[in-house]
Amino acid sequence: MLERVRRAAGGRHACSMDDRVAVDGRRYRGAGARRLMPLLVLLLCSVAAPTHAERWRVTPTLGVNETLTDNVFLSSSNKTGDLVTAISPGIAINGEGDRAKLRLNYSFTEQLYVRETGSRNHQNNLNAIGSIEAIENLFFIDAYGTISQQYLSAFGAVSPGGGNNNANVNNNSVETSSYSLSPYLKGRLLNWVDYLVRYRATTTSSQSNLTNDLNSSEWSGALNGSTRWSHLTWTLDAMSLHNDYSGGRTYDASRYGLNLAYRFNPQIQVSLIGGRESNDYVSLQQQSNFTRGLGVLWTPDLRTKLAASAQNRFFGTGYNVDFSHRRPRSAVTFRASRDVSFQPPGVGNTGQGSNYDAFYSIIAAANPGLPANDIAAQVTQLLQDRGIPADGTVVNGYLTDRPNVNNLQQLTAALIGARNTVTFIATRSEQQNLSLVNGLTNNYSLPDRILQRGYGVIWSHRLTGISTLSLSINQQRSSTYILNSPETETTGGYLLFSTSLSPNTTANIGARRVVSSGVTSYTESALTGAIFHRF
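Per the numbering used here, residue -13 is the first one in the sequence shown, and the count goes up by one each step.
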């Protein structure tokens, strides 16, 4: 892993003229993306042709950001200062028709450097998800596309300004795209069984020859039915998954299972889970394993929900816990899981962000009859008015070239006051490679386990009806379980003044101080200013 940090020193954090050619002269890998992109474009274009135009909103945007930094290359010595101008045109499409819906946000950022003119680059940022009901009540198509900045190593530099559209030249960050197309059939058989048959094709690629592209294909199906006993329901599901890393191994897995659920009362439901799984993650041949477990769903009231399940898996105990509780002006969520993953959570993530989700739940609970689009508009306006980013993620993970067991816990909280708003997030992520030793067995040793922990706090104070002052502090730490092994710790403090210049124009000025120590060490101070306009 430490060797990978050294190799990453020659990488780039965004697209430049040289990024399309690998070190050995081969063109940038992306065949899977090129095959899937025309289908996604066709789907998104058809989605964006609604029957009722009044239910769709297309918003061009333009942002300009200035960053005066004393360490543009995030260097531990010989710091270089620079003034960086980022120009970001973009477009947002939101709408829902009778049989189609789409949410798309895209921006293109050109980074211009006053002193280090050779560092000029551009970055893409895409978050799009859409669906079509191609044949009424029978055939559907889902699709998504994301472009984001992802880290090459857990021990490399963490970008001071966040993962996307960062002004600093971070050799540990690379532009990564992920696209997925998923047609499926669903309906009802014999008036008592619901069925679902789905195919999903996904391609992920990064603009660096230090990582492998990933092409995945998955077939899945499920039957859901009731019994003569109204409190007892059942689900039979199966799936087959194929993952192909460019320049690496291919991995195949299959699974089938049965879930019996019994609802004792409106508040409590208990499930019995059983099945069988097979994969070649820890050997060169397929290995099979019986799975069994329990699940519980507890909803004591409309504000509180707990869903939890645990199963014995080939890697030990796998589990999933999702708890949420809302008050009139606050919300708390806790999520924990242990499962196999192939990419970090940020790849292919089409969510709006942890802070967005927290405030959405608060506003939705306070306005039970409000349409979803109106709730979303209120949440967006609240975040903008109070200078709070939609996503408060502090542990982003890193790109890998093999399956991993990911043990994740995350706690988020949000509080809305008349003039003050507070958000908090804490994350613990432990990742363990499912790799082979001498081509025979899996290595479950401690050195293969990487632990990442982080937290973030944002306090926002509303000065006037149009101006807000916010203070945020965050920290991320990466380490292993080897005694006295190196680690990387990055701590940042951010002060931001935000104001509204017009109903469609906002501006902000800020200052930050970031200190990183360990395998990758640097300090950085910066002044920032930005203006953003929606047309």
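Using N, Cα and C, we set each Cβ at its ideal position, and we do this for glycine too.
Note that the structure is predicted; figures quoted are calculated from it, not measured.
query: Proximity of N110 and E161 at Cβ, strictly below 9 angstroms; result: yes
query: Nearest candidate by alpha-carbon position, reference D377, set T398, D371 and N80; result: T398
query: Reduced DSSP secondary structure (H/G/I, E/B, other) of S503; result: strand
query: Inside the region 391 to 459 only - beta strand (DSSP E) runs reaching at least 3 residues; result: 406 to 419 and 435 to 448
query: C-alpha distance - A522 paired with V380, whole-angstrom precision; result: What is shown of the chain runs -13 to 521, which leaves residue 522 out entirely.
query: Reduced DSSP secondary structure (H/G/I, E/B, other) of V365; result: helix
query: Residue environment, R547, which counts as buried when at least 16 other CB atoms sit within 10 Å; result: Given that the chain is displayed from residue -13 to residue 521, the structure contains no residue 547 and the question cannot be resolved.
query: Contact set for L513: own chain, Cβ-Cβ below 7 angstroms, skip 5 residues either direction; result: L54 and A497
query: Same chain, Cβ closer than 6 angstroms to T45, neighbours up to 5 away in sequence not counted; result: A78 and R520
query: C-beta atoms of E326 and L420 nearer than 9 angstroms; result: The displayed chain sequence assigns Val, not Glu, to residue 326. A contact, by the Cβ cut-off of 9 angstroms.
query: Nearest residue (CA-CA) to E122, options D84, I133 and Q97; result: D84
query: Buried or exposed (CB count within 10 angstroms, at least 16 for buried), N590; result: A query on residue 590 cannot be resolved here, the shown segment of the chain reaching from -13 to 521 and no further.
query: T466 in three-state terms, based on DSSP; result: strand
query: Contacts around Y346, its chain only, beta-carbon distance under 8 angstroms, and the 5 residues preceding and following it disregarded; result: Q338, I361, A362 and V365
query: Residue burial classification, A527 (beta-carbon count within 10 angstroms, cutoff 16); result: No answer is possible for residue 527: the residues shown for the chain start at -13 and end at 521.
query: Terminal residues of the alpha helix (DSSP H) in which I348 lies; result: S340 to A352
query: Status (buried if at least 16 other CB within 10 Å, exposed otherwise) for N353; result: exposed
query: For D128, three-class secondary structure by DSSP; result: strand
query: Which residues DSSP lists as bridging R282, in chain order; result: Looking at the sequence shown, residue 282 is not Arg but Val. V282 pairs with V256 and A294.
query: First through last residue of the beta strand (DSSP E) which encompasses P75; result: D68 to E82
query: Endpoints, beta strand (DSSP E) assigned at H519; result: Y508 to R520
query: Nearest neighbour of G173, chosen from Y181, D68 and S166 [CA to CA]; result: Y181
query: Same chain only: Cβ atoms within 6 angstroms of N275, ignoring 5 sequence neighbours per side; result: E263 and F300
query: Distance between beta carbons of S61 and Y342, contact taken as under 8 angstroms; result: Rounded, the Cβ-Cβ distance is 34 angstroms, inconsistent with contact.
query: For H217, the first and last residue of its enclosing beta strand (DSSP E); result: Here H217 belongs to no beta strand (DSSP E), and DSSP marks it neither H nor E.
query: Residue burial classification, P314 (beta-carbon count within 10 angstroms, cutoff 16); result: exposed
query: L69 versus E96: straight-line alpha-carbon distance, rounded; result: 14 angstroms
query: Through-space distance from L112 to G373, alpha-carbon basis; result: 22 angstroms
query: Cβ neighbour criterion (16 or more within 10 Å) applied to D56; result: exposed
query: Opposing strand residues paired with F301 [DSSP bridges]; result: According to DSSP, F301 bridges with nothing at all.
query: For E122, the residue or residues it bridges with in DSSP; result: BP columns for E122 are empty, so no partner.
query: First through last residue of the beta strand (DSSP E) which encompasses L171; result: S159 to L175
query: Segment limits, beta strand (DSSP E) that includes Y181; result: V179 to S192
query: Backbone secondary structure at Q370 - three-state DSSP; result: helix
query: Same chain, Cβ closer than 6 angstroms to L457, neighbours up to 5 away in sequence not counted; result: W445 and L481
query: For D325: DSSP bridge partner residues; result: N392
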